[in-house]
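Below is one structure; the comments refer to it alone.
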Amino acid sequence: MKTKTNNASVSKTPFTEKRPVLSVVIIELLLLVAMFMAGAYATIQQLSYTAPVLIAFIPISLVLIIFLTLKKSWGRYGFQSLSAIAPQNWIYYLPLVLALICVALNGFRSFTWKEALFFVFFTLMVGFVEETVYRGLILHILLRKKSVTAAVITSSLLFSVTHVLNMLSGQSVEDTVVQLVYALLTGAALALLIVKNRNIIPLIIYHFIHNLLQFLGQDGRGVSVWDYVVLGILLLHCVWLVLSLKKEPAIPRVSDATQEMA
Numbered sequence: 100m101k102t103k104t105n106n107a108s109v110s111k112t113p114f115t116e117k118r119p120v121l122s123v124v125i126i127e128l129l130l131l132v133a134m135f136m137a138g139a140y141a142t143i144q145q146l147s148y149t150a151p152v153l154i155a156f157i158p159i160s161l162v163l164i165i166f167l168t169l170k171k172s173w174g175r176y177g178f179q180s181l182s183a184i185a186p187q188n189w190i191y192y193l194p195l196v197l198a199l200i201c202v203a204l205n206g207f208r209s210f211t212w213k214e215a216l217f218f219v220f221f222t223l224m225v226g227f228v229e230e231t232v233y234r235g236l237i238l239h240i241l242l243r244k245k246s247v248t249a250a251v252i253t254s255s256l257l258f259s260v261t262h263v264l265n266m267l268s269g270q271s272v273e274d275t276v277v278q279l280v281y282a283l284l285t286g287a288a289l290a291l292l293i294v295k296n297r298n299i300i301p302l303i304i305y306h307f308i309h310n311l312l313q314f315l316g317q318d319g320r321g322v323s324v325w326d327y328v329v330l331g332i333l334l335l336h337c338v339w340l341v342l343s344l345k346k347e348p349a350i351p352r353v354s355d356a357t358q359e360m361a
């Protein structure tokens, strides 16, 4: 009887828990394939530069919403009330505000209100999808079986790798390298923040505003001084968060933490 019970419990173990690394690889590959196919279609049809993301991310966002709703997993992946963040922990979001100010200092181009509304929708969708995938699904899966260090580094690397696709857009090597490092440090800072506060909402808001500022920024600009300032801010932010987390008690496994939040 004990053997049957043990076998039954093992069979009910989710695949993501039995094979966390493979699960993460599958999610990343599916996202990359979706982006590559959407990019190829947009190129053939000579669509706008935003078309590949729209083609790939609209169905992905719908799948995520349906999945989180049917599984009743919104809270598990960090969709918590902002009031759940401890008042003293709000200070750890200050570097993100400074980073946004630096991005805004790059300047803006002229745009119509229709363009602005489109980019609000576009960047909000991108923020939701990328944060839910990388700081939600992938980070959550890794934290169930791996250390915080391994989970943060892996999710950040995968987030950075996804931006390799931008090399195909014809931008310079310097722009691409800076963007990869930018994505790596951003991914690490945001992952550390969700480990600390277990809340994905501020991350989506930051991602949304950051991308919106960039899309409404100067056309065709290369890497600026402010971009390097942001890199410095993000690096110091990661160090600050790591030191802060080291002072805290051992962080419970995600499975235990989410049971408490449910």
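Using the working numbering, read the sequence shown as starting at 100 and increasing by one per residue.
Ideal Cβ positions, reconstructed from N, Cα and C, are used throughout, including at glycine.
Since the model is a prediction, treat every value here as computed from it, not as a measurement.
Test item: CB-CB of residue i and residue j under 8 Å
i      : j      : result
Asn298 : Ala183 : yes
Leu197 : Tyr233 : no
Gly138 : Gln317 : no
Pro158 : Met134 : no
Ala215 : Leu315 : yes
Bridge-paired residues (DSSP) for residue i
i      : result
Gly138 : DSSP, once it has assigned bridges, lists no residue as partnering Gly138.
Phe207 : Gly316
Through-space distance from residue j to residue i, alpha-carbon basis
i      : j      : result
Ala145 : Ala155 : Reading the sequence as shown, one finds Gln at residue 145 and not Ala. So the two alpha carbons sit approximately 16 Å from each other.
Ile240 : Ala141 : 32 Å
Val328 : Gln278 : 13 Å
Val276 : Leu284 : 12 Å
Phe217 : Leu223 : 10 Å
Phe166 : Trp173 : 9 Å
Thr115 : Ser122 : 5 Å
Pro119 : Ile126 : 11 Å
Gln313 : Lys170 : 34 Å
Ile164 : Leu199 : 28 Å
Thr168 : Val324 : 43 Å
Val228 : Leu130 : 10 Å
Lys213 : Lys117 : 47 Å
Lys111 : Leu242 : 19 Å
Tyr192 : Ser209 : 30 Å
Val260 : Glu347 : 31 Å
Beta-carbon contacts of residue i that lie in its chain and below 8 Å, excluding the five residues immediately before and after
i      : result
Val251 : Leu238, Ala287, Ala290, Leu291 and Val294
Pro194 : Ala288, Ile332, Leu333, Leu335, His336 and Trp339
Leu330 : Val277, Val280, Tyr281 and Leu284
Nonlocal neighbours in the same chain, by C-beta distance under 7 Å from residue i, ignoring five residues either side
i      : result
Pro113 : none
Asn296 : Ile184 and Asn188
Phe178 : Ile299 and Ile300
Gly235 : Tyr176, Gly177 and Ile299
Lys245 : Pro119
Val322 : Glu273, Asp274 and Val277
Ser160 : Met224, Phe227 and Val228
Residue-level contact to chain C via CB, residue i, 8 Å cutoff
i      : result
Lys295 : Among the chains in the structure shown there is no chain C, since it carries only a single protein chain.
Other residues of its chain near residue i: CB distance less than 6 Å, five sequence neighbours each side excluded
i      : result
Gly226 : Ile303, His306 and Phe307
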